[in-house]
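Working notes, beginning with the structure itself.
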Amino acid sequence: MVEPPYVHRDVNWCDFNARVLSEAKDNSVPLLDRIKFMAIFSSNLDEFFRIKVAALRKLNELKAPKATKWLGYSPKEVLQEIHTKVNQQQNEFGRIWSEEILPSLMEHKIHVYQTEKVLPYHLPEIINYFRVQVQGYLHLLIKRHDKGVTLKNRGIYLVVPLIRESDKKELLGYVNIPTKQLNRFIELTPVDGISYVISLDDIMRINLSSLFSGYKVIGKAYSIKLNRDEDYEIEDEFTGNLVDKITEKINKRMEGDPVRFLYDGNIPKALLTRIKSCCSIPDSGIVVGGRYHNLNDFFQLTELLSKKLVGERLGPMPHLELERSSSVLKAIEDRDYMLHFPYHRYDYVLRFFNEAAIDPTVKEIKVTLYRISKKSQIAQALISAAQNGKRVTVFVEVKARYDELNNLQWAKEMSKAGVTIIYSLPGVKVHAKVALVVKQKDGKKIRYAYLATGNFNEKTALVYADHGLLTTHTAITKELEGLFGYLKNNSRKVKFKHLLVAGFNMKQRLLALIDNEIASKRKGKEAFVIIKVNGMDEREIIEKLYEASNAGVRIQLIVRAGCSLVPGVKGFSEHISAHRLVDMCLEHARVYWFCNGGEDQIYLSSADWMNRNLNRRIEVGFPVLEKELKE
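Letter by letter, the sequence shown follows residues 2 to 632 of my numbering.
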């Protein structure tokens, strides 16, 4: 029997990041945005190594044939394929920057210094900036070639070969590039109508001789960077204090094993060997780079150049009906409303919470928080609601990677104000983005709900493409109330008919919906499935899609990042097409659309079709019921 085709999601993710990079070389994309795509590519790759590659390396260290059989793939082969793709992409990144972006900037009379000598006019300015702004943030480390060096996670350094003048001893100097304290790119005084920009790295290179007094610099300074393993697991989530365990883990996050060591490709081999030995870098983590690392700092460059490279930007639009209404809560008593971000203003969601906080007929507010902004207006509204005597219950997911501390801090602030806080559930993540407001009006209980594909985060709503539904639909809001009951009391008695809830019925319902399309096709009816998600690796779902394709069901997939399904394979996926949608807004929404014999069933959801989302998380998918909203 022929095995169904699968590609490892992390290998396919590399193709997604290549798609991001392709935007940087597209001449039809505004120049400022092309630089932003280079920053996004670099930022994506950084996190990918810190988390995904780190996890694969730990699996590879098991060195057990049974592990490969159990996993269904060889971690070693996956890592090799990833490194091959990444090395090719790094080379392309450097080519795009030097051969396309820099010449294009010059066409706009912007010169970014690279390896060339600076103008004599700029030299005093650079030396003064170094002495006044930079020198105080530098930490020098001078070591013998055989002495160990501990490099900080995510830090970038210049490595400088030295000779001590007193005894002519050869040493290595390490100096941090202080990008946390200072901007990475500095604008210099214009000359003859041309704007000049120089990197912090090159300012330090120019001042090396004054930095290492008493030593002679041999040759050049070379840039290096280290990523450490930031992936962590809580061994036992079921006993003890989960919040304390998470806090302990994230405090140690920056101390993990090395997973990627980036170095300047021009560094001499003998010097690289010495550095690897001193810093205890395994060969498997070595990645060749360019003269500069941490190029997610290109975001800073775009801020610097934004006034010089002005592009057309469309701001969020008002929702005309909600704009005319004096009350969001009142408006949704009559009909459902759909919001599309970042195209609609996010203040309708803020109004939903702010109105609930001060309305005397509102008795309860319940919400799940996964990632909120550091200056969250929603959290402030919940605090106000509690202070106004409402019963406010907030489920805070403290296992949201890189947002753990922010979530914990807000949880403490809300708790002080009288908000009931429920922390993470053992063994699962709550990734749902839902809110419920309960009114008691004229002796009647009225429920108002907001269900979304994206986080309750007014900052990311400006750049993430997401959808949200405002509704008072009786069955949906009642089921949502049941879900909050489960989160609070861990009671699984709740039943879901309208909502798709991972951990309860989501995967089973999705399989049934695909089966329904297969049955329709076999009866000669129209049948199709259109799915938009961020990732897809759930094997049971993929096998069902292959089955549907073999039955003749047309399947269109829009998968932003990693996708294990392989489209267009004879005998498996001939009727499946797969596309990536990459633009300046990060496509974050999940949409499930089933033909259903001409009676379209459309769900919006927080869940990707990933094993983790469908089996180890609480996610919510919700139906779009009103015909006008479907269209």
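Where a beta carbon is used, it is the ideal one built from N, C-alpha and C, also for glycine. Given the structure is predicted, the values throughout are model-derived calculations rather than measurements.
| request: Express the C-alpha separation of N506 and E600 in angstroms, rounding to a whole number. | output: 22 Å
Is the beta carbon of V583 closer than 8 Å to that of V554?
no
query: Applying the criterion that 16 or more other CB atoms from any shown protein chain within 10 Å of the CB defines a buried residue, is P319 buried or exposed?
result: exposed
Hey, L566 and A579 are a contact pair by Cβ (cut 8 Å); roughly how many whole angstroms apart?
-> 7 Å
*Is I247 helix, strand or coil when you go by DSSP?*
helix
Is the region 404-418 touching the region 374-389, taking contact as three or more C-beta pairs under 8 Å?
yes
Residues in its own chain within less than 7 Å of H589 by CB, not counting five upstream and five downstream?
-> T454, G455, Y465, A466, D467 and N535
### 7 Å Cβ shell around H576 - same chain, five flanking residues per side excluded
S550, G553, V554, R555 and I556
- Query: With 16 other CB atoms within 10 Å as the buried threshold, where does D237 fall?
  - Reply: Any reading at D237 must be qualified, since the residue scores a pLDDT of 49, below 50, and its modelled position is unreliable; the value itself is stated next. D237 comes out exposed.
- Item | Simplified DSSP assignment, three categories, for L605 | strand
Fill in: Spatial neighbours of G483 in its chain, beta-carbon cut-off 6 Å, leaving aside the 5 residues before and after
V495
Reduced DSSP secondary structure (H/G/I, E/B, other) of H112
strand
S327 beta carbon less than 8 Å from that of K460 | no
**Asked** Taking the runs of the alpha helix (DSSP H) that are 4 residues or longer, which of them lie wholly in the region 537-612?
**Response** 540-551
For R229: DSSP bridge partner residues: P259
Legend entry - L120 versus I199 - alpha carbon distance: 12 Å
Q | DSSP state of H468 mapped onto helix, strand, coil | A | strand
Worksheet item: Roughly how many whole angstroms lie between the Cα atoms of L370 and Y349?
Response: 18 Å
Query - C-beta atoms of S607 and K434 nearer than 8 Å - result: yes
If you compare alpha carbons, which of V8, V395 and K413 is closest to L437?
-> V395
*asked:* I need the DSSP call for D11, collapsed to helix, strand or coil.
replied: helix
Check: How would you label V54, buried or exposed, when you count the other beta carbons within 10 angstroms and need 16 or more for buried?
Finding: buried
To the nearest angstrom, how far is the alpha carbon of R145 from that of L172? 5 Å
_DSSP beta-bridge partners of S224_ = L159
query: So which of V592, W594 and G563 has the shortest CA-CA distance to R636?
result: Absent from the structure is residue 636, since the part of the chain shown begins at 2 and ends at 632.
To the nearest angstrom, report how far apart I204 and E78 are at their CA atoms.
41 Å
Between L409 and I379, how many whole angstroms is the CB-CB distance? I'm expecting something under 8 Å. The Cβ separation is near 16 Å, so there is no contact.
- Task: Classify E48 as helix, strand or coil using the three-state DSSP reduction.
- Result: helix
Can you give me the start and stop residues for the beta strand (DSSP E) that E171 sits inside?
E171 to N177
| Which residue spans inside the region 401-445 form an unbroken beta strand (DSSP E) run of at least 3? | 421-423 and 435-442
- Message: Pop quiz: L139 and N177 are said to be a contact at Cβ under 8 Å. What is the actual Cβ separation, rounded to whole angstroms?
- Response: 6 Å
ask   = Is DSSP giving D237 helix, strand or coil here?
value = Unreliable placement is indicated for D237, whose pLDDT of 49 sits below 50; no coordinate value is reported for it.
**Report entry** Backbone CA spacing between K277 and G220 [nearest angstrom]
**Finding:** 19 Å
Alpha carbon of Q134 to alpha carbon of F186, nearest angstrom = 13 Å
### Given 8 Å, three or more beta-carbon pairs between the region 76-93 and the region 147-165
no
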